[in-house]
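Each number in the numbering used here comes from the position in the sequence shown (counting from 1) with 23 added on.
A virtual CB, placed ideally from N, CA and C, is assigned to each residue, including glycine.
Since we're looking at a predicted model, the values are computed, not measured.
To keep things clear, I will list the structure first and then write my remarks on it.
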Amino acid sequence: MKLWIVRLVAALFVVGSVQVAVAQGQGQGQGQGQVVSECNHRANERKLKGHERKDFVEWCESRGARYKYDDKRYEGEKNCYQKANNKGLTGDKRAKFLDKCFGKDGDDYYGGKVPVKKKD
């Protein structure tokens, strides 16, 4: 009888722990906290500071995973962030401007321009 109670308590503890982990965004995929941490780590590796760091982390969090953190992709798109900074855009206005700057089909455009294809 005691063994049955111990197993029941252990099972309830496991279920409760899983529910807490899911509520905190853990368990499936990469949580937002992990993405932010990864992007800050990448910015540290590049020794970025100020606006350059802020722009890189913003790109990394919103678009980095989609493009497998491709430095070439960021280099092509960072001019959009610089333009948004120069215009003093924030919030929704900034997001809309960036989406437009990246182009209608974000996968085919770098900074709103068709990428130059290199010859083999």
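Taking 9 Å as the cut-off, the beta carbon of residue 75 is found no closer than this to the beta carbon of residue 86. With respect to residue 103, residue 120 sits close: the two C-beta atoms are nearer than 9 Å. Cα atoms of residue 117 and residue 60: separation of roughly 23 Å, rounded to the nearest angstrom.
Bounds of the alpha helix (DSSP H) holding residue 66 are 55-68. Closest by C-alpha distance to residue 106, out of 58, 57, 124, 69, is 124. The Cβ-Cβ distance between residue 65 and residue 92 falls below 9 Å.
Here the alpha carbons of residue 30 and residue 94 stand approximately 51 Å from one another.
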